[in-house]
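S.K.:
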Amino acid sequence: MRNYGMYLSDIQRLFGGELHVGEQRSAADLVITSVGTIEHASETEITFLANPKYRSALDDSRAGAVIISPSNFDATTKPRIVTDNPYAYFAKVAQHFSPRTAYPPGVNTLAAINPTARVAKSASIAEFVSIGANAVIGERVRIGAGCVIGENVVIGDDGELAAHVTLYHHCVIGKRALLHAGVVIGADGFGFAHENGAWIKIPQTGRVVMGNDCEIGASSTIDRGTMQDTIIGNGVKIDNQVQVGHNSIIGDNTLISGCTGIAGSTTIGQRVIIGGAVSITGHLSICDDAILSANAFVMKSITTPGMYSAGMPLMPHREWLKNAAQLRHLDEMANKLKKLGK
Amino acid sequence: MRNYGMYLSDIQRLFGGELHVGEQRSAADLVITSVGTIEHASETEITFLANPKYRSALDDSRAGAVIISPSNFDATTKPRIVTDNPYAYFAKVAQHFSPRTAYPPGVNTLAAINPTARVAKSASIAEFVSIGANAVIGERVRIGAGCVIGENVVIGDDGELAAHVTLYHHCVIGKRALLHAGVVIGADGFGFAHENGAWIKIPQTGRVVMGNDCEIGASSTIDRGTMQDTIIGNGVKIDNQVQVGHNSIIGDNTLISGCTGIAGSTTIGQRVIIGGAVSITGHLSICDDAILSANAFVMKSITTPGMYSAGMPLMPHREWLKNAAQLRHLDEMANKLKKLGK
Amino acid sequence: MRNYGMYLSDIQRLFGGELHVGEQRSAADLVITSVGTIEHASETEITFLANPKYRSALDDSRAGAVIISPSNFDATTKPRIVTDNPYAYFAKVAQHFSPRTAYPPGVNTLAAINPTARVAKSASIAEFVSIGANAVIGERVRIGAGCVIGENVVIGDDGELAAHVTLYHHCVIGKRALLHAGVVIGADGFGFAHENGAWIKIPQTGRVVMGNDCEIGASSTIDRGTMQDTIIGNGVKIDNQVQVGHNSIIGDNTLISGCTGIAGSTTIGQRVIIGGAVSITGHLSICDDAILSANAFVMKSITTPGMYSAGMPLMPHREWLKNAAQLRHLDEMANKLKKLGK
């Protein structure tokens, strides 16, 4: 699927930045066949330097060229493309060398498509796919083997569903979505009323409505709303094994790392960055541009942008036993200290 | 799927409570078409007030009627149904307006049913479903697209399996179960003996036996027992992405929120409420009516009902860095404090 | 699937150890039909004693024979097989009585196999399995219903995939693998470059390469590498709902318990034991033979073998409220204490 390569100068022409060939005047004619890390790139691959701490690693790199920021300009004598955001530049070059797979249009004979569903002719539907009544599948959408698309689901143009994705009835997926294997969108939210020691189910009649340009990782689950919808904004990126509860609202371009759980009815702003294994309880509000460290536990709303953390650092087990035991006495310790201070 | 509506007075006749129409004598003839939240209900929808903190929100609500407790009776002049448990009442009305989908009986031609399996004629088996030898599928059971039912599995009457549910061989699912997409029941428990630096598998020969009226959320997993069975009681409700280890026993009407993990051989009582992202280690016993806050880490058995919590509150990152560093010195601090006290 | 039983003396002949029949000279001729726990084993079943704390339980056990270590030799007068590692011995006997299911070779007529795939004649491919172009399926491999095997995937001999396993393109699975239902191997790692408030995807062009004798639990996910491969060593055992991020390297015979998340580019040594619900951040290195307690949060590399822990112990909710509040003031407390000490 990779290209046969392109001139370094063509990369600069396509993606911008300034090309510096240094002593090697012929470097503009260097053929670049792919991208690579500083450590592993070969002589025909281009790498990037974003973190200054890897400057010295460049000395040992075999990379044929480097994408670099002005501040690191002199970190190498290799041919360079200078740009303010080397990592984003690198991402674009990498995408150029590894474009999304193009799938042949058409419906596999082993798929089960309800006759009332509308599937674009340019869509590619794999074997063992089930598509329910009145579903609408956009142009060039790829639905991988074994996906189950419920009634009245809408999938926007250019979406890609890997294997075993489940979209429950009436959910809406925006354009250019990428949903990985095992994703479940629109299962019932977890809502029960308590009566005499038992639980009565609250029907979950809302939908999941997802914006454009979202990516959802393997085995992540986003529940449908109770009476309103669960809403995922544009450009939201969600890692594997993330759980989003019913009625949640996730703002545009927010990024959620793996194993994070977000309880119901929580509203998360735009451009929020959530680390791995974060737990966020229900009915909160997290403001735009907040950053939550990995493993954080969020019990209260956050109203000021910035980075927030929680959690106890790892210790050798014996030290932990002693220190953790004192956690039961912290309040007592604080009181003693107050008295002594007087 | 929704009804065309019913008189408010008919709701009271069906579900009990006291109807108060206030000034609006004709309100008994009000046609209610659905349920809604205080915030979003329309003039033909009925809402509920359970939490007094939303009393004032009722003033702005467009809801046509309210289910309310005696103590909040005067929170509105709207037509009211007065009942001791408004939320449970609301749940029943909501269920009335949004009954479970009825699926047409019969086996889809694209399902693979072992000839020795016994499938009730009233059951509805979707496309790409696999049912193994000697499985028994009860009356009116719905099995969604792509489910895989192992040999000798038993599914009680009126169960519903969404897409991609896997039931391993010999597992037993009670009546009226609702298993969401991606649920895996009966995979091998995690049991290995250590020998010379490597791991020897302990065969997992028990089953999972689940009572009646259970709901299991998307992508949750319940492992089969090692030599005995893993047992899930009646009325147990489990959210998404929950893991229940082998040989665990979960008591009736216990509720487990999303992302929680329960290690093996732990026994959990009845009516226990477990918050999200809780971790419970193995070989413990949790008594009836315990409540575990979200994110709690349970290392010891619990013998007294009540609410239990753990975890460090979220802080701005810089404050956390300073405070977390002291966690390594807590024992030392306690000792210093003791000396100073003398 | 169980055997009809074997003489106790034959167990000793097959698996070693010393047979002691005590007073019961005919015990060598005892027919053993299965294995069982101390508590539940019947008169024709063999049990084991590994943990001395269960010594007294042996008195009430109905087990017909016991696998026991020399140090516990006198814990029972039952017929005994004496061996240094009773649990490992027990595992082997248990495997003998419950061997892996043998599946009939051949490809189900409802499977979709790309004509360029090479499937061994001894392999067993169930219904609704999809196998992509150029995939190579080894001898005696079992692929369960609904699995999706991508292009160019290689599965070594004697592997078993339960239902709904997804293997993305180009991934390599070693010999004797056991992958449980819902496992996803090779979904895209979570890599994005930030530009103007939005996220640009880094193509994930590496693979997952897994060694021999690995077991992966239900719904676990292992992401493909970004430019290099994600590597899982030989004999690695992974429980349910574990997430392994891109570019991670897991050493031989490491064991990872359920609900654990490992972020990207982290290298984990050999024989590491990781408890449940552990979070490990990215770009770390964990040395051989480290042990991480359940719920540990690992932010720094570990260079010395041993056991490491973190986390706050569970408390009654009111105590927790008071103690947790002081966590925000720990640094302050430490400073006060230092002053008072002077």
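Protein chains in written order, with this note's numbering: chain A, 1 to 342; chain B, 343 to 684; chain C, 685 to 1026.
We put the beta carbon where it would ideally sit given N, CA and C, even for glycine.
Would you call A:Leu14 buried or exposed, if buried means 16 or more other Cβ atoms sit within 10 Å of its Cβ?
M.R.: Here residue 14 of chain A refers to the residue found at position 14 when the first sequence is read from its first residue. Looking at its Cβ environment, which holds fewer than 16 other Cβ atoms inside 10 Å, A:Leu14 is exposed.
S.K.: Counting only C-beta atoms, is A:Thr37 closer than 7 Å to chain B at any point?
M.R.: For the purposes of this step, residue 37 of chain A is taken as residue 37 along the first sequence, with counting starting at 1. No - not a single Cβ of chain B is within 7 Å of the one on A:Thr37.
S.K.: Tell me whether A:Ile202 sits in a helix, a strand or coil according to DSSP, three-state version.
M.R.: Taking the first residue of the first sequence as position 1, residue 202 of chain A is located at position 202. Of the three classes helix, strand and coil, the one that applies to A:Ile202 here is coil, per DSSP.
S.K.: Express the C-alpha separation of C:Gly858 and B:Ile542 in angstroms, rounding to a whole number.
M.R.: Locating residue 542 of chain B in the second sequence gives position 200, where the first residue counts as 1. Locating residue 858 of chain C in the third sequence gives position 174, where the first residue counts as 1. For B:Ile542 and C:Gly858, the distance between alpha carbons rounds to 17 Å.
S.K.: Nearest to C:Gly966 by CA position, among C:Gln888, C:Val982 and C:Ala734, is which residue?
M.R.: To locate residue 966 of chain C, count along the third sequence from 1; it is residue 282. That would be C:Val982, whose Cα lies nearest to the Cα of C:Gly966.
S.K.: Can you tell me which of the three DSSP states A:Glu319 falls into?
M.R.: To locate residue 319 of chain A, count along the first sequence from 1; it is residue 319. Three-state result, A:Glu319: helix.
S.K.: Determine the direct distance from the alpha carbon of B:Arg613 to that of B:Gln354, and round the result to whole angstroms.
M.R.: Against the second sequence, residue 354 of chain B aligns to sequence position 12. Against the second sequence, residue 613 of chain B aligns to sequence position 271. Answer to the nearest angstrom: the Cα atoms are 29 Å apart.
S.K.: Restricting to Cα atoms, I'd like to know which of A:Ala75, A:Arg55, A:Thr77 and A:Phe48 is closest to A:Val66.
M.R.: Against the first sequence, residue 66 of chain A aligns to sequence position 66. It is A:Phe48 whose Cα lies nearest to the Cα of A:Val66.
S.K.: Please list the residues of the stretch 721-745 of chain C that have a C-beta atom closer than 7 Å to any C-beta atom in chain B, keeping them in chain order.
M.R.: Cβ contacts with chain B come from Thr721 and His724.
S.K.: Please confirm if A:Gln326 has its CB atom under 7 Å from at least one CB of chain B.
M.R.: Walking along the first sequence from the start, residue 326 of chain A turns up at place 326. At least one chain B Cβ lies under 7 Å of A:Gln326.
S.K.: Candidates B:Ala392, B:Cys601, B:Ala504 and B:Ile527: which alpha carbon is nearest B:Cys513's?
M.R.: The residue given as residue 513 of chain B occupies position 171 in the second sequence. The residue with the shortest Cα to Cα distance from B:Cys513 is B:Ile527.
S.K.: Considering Cα atoms alone, identify which of C:Met996, C:Ser977, C:His1001 and C:Leu998 is closest to A:His317.
M.R.: Mapped onto the first sequence, residue 317 of chain A falls at position 317. Checking every option, the nearest Cα to that of A:His317 belongs to C:Ser977.
S.K.: What does DSSP give as the partner residues of A:Thr166 in its beta bridges?
M.R.: Position 166 of the first sequence, counting from 1, holds the residue named residue 166 of chain A. Partner(s): A:Val148 and A:Val184.
S.K.: Restricting to Cα atoms, I'd like to know which of A:Ile32, A:His164 and A:Val119 is closest to A:Gly138.
M.R.: Counting from 1 along the first sequence, the entry for residue 138 of chain A is found at position 138. Ranking A:Ile32, A:His164 and A:Val119 by Cα distance to A:Gly138 puts A:Val119 first.
S.K.: Rounded to whole angstroms, what is the Cα-Cα separation between A:Glu18 and A:Gly306?
M.R.: Along the first sequence, one-based indexing puts residue 18 of chain A at 18. Along the first sequence, one-based indexing puts residue 306 of chain A at 306. Spanning the two alpha carbons is a distance of roughly 33 Å.
S.K.: Quick check: the Cα distance between B:Glu674 and A:Ala325, rounded to an integer number of angstroms?
M.R.: Within the second sequence, the letter at position 332 stands for residue 674 of chain B. Within the first sequence, the letter at position 325 stands for residue 325 of chain A. The straight-line gap from Cα to Cα measures roughly 12 Å.
S.K.: State yes or no: is the C-beta of C:Thr951 within less than 7 Å of the C-beta of C:Ile933?
M.R.: In the third sequence, counting from the first residue as 1, residue 951 of chain C sits at position 267. In the third sequence, counting from the first residue as 1, residue 933 of chain C sits at position 249. It is a contact, given that the beta carbons lie within the stated cut-off.
S.K.: Work out the CA separation of B:Arg422 and B:Ser472 for me, nearest whole Å.
M.R.: The residue given as residue 472 of chain B occupies position 130 in the second sequence. The residue given as residue 422 of chain B occupies position 80 in the second sequence. Whole-angstrom Cα-Cα distance: 50 Å.
S.K.: Have a look at C:Leu1011 and C:Ala994 and give me their C-alpha separation to the nearest angstrom.
M.R.: Counting from one through the third sequence, the residue named residue 1011 of chain C turns up at place 327. Counting from one through the third sequence, the residue named residue 994 of chain C turns up at place 310. So the alpha carbons of these two residues sit roughly 15 Å apart.
S.K.: How many whole angstroms separate the CB atoms of B:Ser413 and B:Thr425, which I take to be in contact at a CB cut-off of 8 Å?
M.R.: Along the second sequence, one-based indexing puts residue 413 of chain B at 71. Along the second sequence, one-based indexing puts residue 425 of chain B at 83. Not quite, the Cβ-Cβ distance comes to about 12 Å (not below 8 Å), so this is no contact.
S.K.: Suppose you measure from the CA of C:Gly948 to the CA of B:Val578; what does that come to, to the nearest Å?
M.R.: The count along the third sequence starts at 1 and reaches residue 948 of chain C at position 264. The count along the second sequence starts at 1 and reaches residue 578 of chain B at position 236. The straight-line gap from Cα to Cα measures roughly 36 Å.
S.K.: Taking the CB atoms as reference points, tell me whether C:Asp972 and C:Gly953 lie closer together than 7 Å.
M.R.: Taking the first residue of the third sequence as position 1, residue 972 of chain C is located at position 288. Taking the first residue of the third sequence as position 1, residue 953 of chain C is located at position 269. Yes, the Cβ-Cβ distance between C:Asp972 and C:Gly953 is below 7 Å.
S.K.: Which whole-angstrom value is the C-beta distance of C:Ser903 and C:Asn924, which I expect to be below 8 Å?
M.R.: By 1-based counting over the third sequence, the position of residue 903 of chain C is 219. By 1-based counting over the third sequence, the position of residue 924 of chain C is 240. The Cβ separation is near 6 Å, so the contact holds.
S.K.: Considering just the uninterrupted stretch of the alpha helix (DSSP H) at C:His780, what are its terminal residues?
M.R.: Start at 1 with the first residue of the third sequence, and residue 780 of chain C comes out as number 96. Residues Pro770 to Phe781.
S.K.: Evaluate B:Gly448 with the Cβ neighbour count: other Cβ atoms within 10 Å of its Cβ, from every protein chain shown; 16 or more gives buried, anything less gives exposed.
M.R.: Position 106 of the second sequence holds residue 448 of chain B. When all chains shown are included, B:Gly448 counts as exposed.
S.K.: Provide the residue span of the beta strand (DSSP E) that contains A:Leu292, from first to last.
M.R.: Counted from its first residue, the first sequence places residue 292 of chain A at position 292. Note, A:Leu292: beta strand (DSSP E), Ala290 to Leu292.
S.K.: Using a Cβ-Cβ cutoff of 9 Å, what residues of the stretch 536-550 of chain B are near chain C? List them in chain order.
M.R.: Cβ contacts with chain C: His536, Glu537, Asn538, Gly539, Ala540, Trp541, Ile542, Lys543, Ile544, Pro545, Gln546 and Thr547.
S.K.: Would you say the stretch 52-60 of chain A touches the stretch 830-844 of chain C, given that touching needs at least three Cβ pairs under 8 Å?
M.R.: Output reads no: the stretch 830-844 of chain C does not touch the stretch 52-60 of chain A.
S.K.: Answer yes if the stretch 451-469 of chain B comes into contact with the stretch 222-230 of chain A, meaning at least three C-beta pairs across the two stretches below 8 Å, and no otherwise.
M.R.: No contact exists between the stretch 222-230 of chain A and the stretch 451-469 of chain B.
S.K.: Could you check what DSSP says for C:Ser969 in three-state terms: helix, strand or coil?
M.R.: Residue mapping note: residue 969 of chain C aligns to position 285 of the third sequence, counting from 1. Note: C:Ser969 maps to strand in three-state DSSP.
S.K.: Under the three-state reduction of DSSP, which class applies to C:Gln912: helix, strand or coil?
M.R.: Translated into positions along the third sequence, residue 912 of chain C becomes position 228. In the structure shown, C:Gln912 sits in coil (DSSP, three-state: anything other than H, G, I, E or B).
S.K.: Going along chain B, which residues have a C-beta under 7 Å from C:Ser814?
M.R.: Along the third sequence, read from residue 1 onward, the residue named residue 814 of chain C stands at position 130. Going along chain B, no residue has its Cβ under 7 Å from C:Ser814, so there is no contact; the nearest lies around 11 Å.
S.K.: Answer with yes or no whether the minimum CB distance from B:Val640 to chain C is below 7 Å.
M.R.: The residue you call residue 640 of chain B lines up with position 298 of the second sequence. So yes, B:Val640 belongs to the interface.
S.K.: Name, please, each residue of chain B whose Cβ falls closer than 7 Å to the Cβ of A:His164.
M.R.: Within the first sequence, residue 164 of chain A is the residue found at index 164, counting from 1. Within chain B, the residues near A:His164 are His506.
S.K.: Quick one: does A:Met6 have its CB under 7 Å from some CB of chain C?
M.R.: For this step, residue 6 of chain A is matched to residue 6 along the first sequence. With 7 Å as the cut-off, A:Met6 does not count as an interface residue toward chain C.
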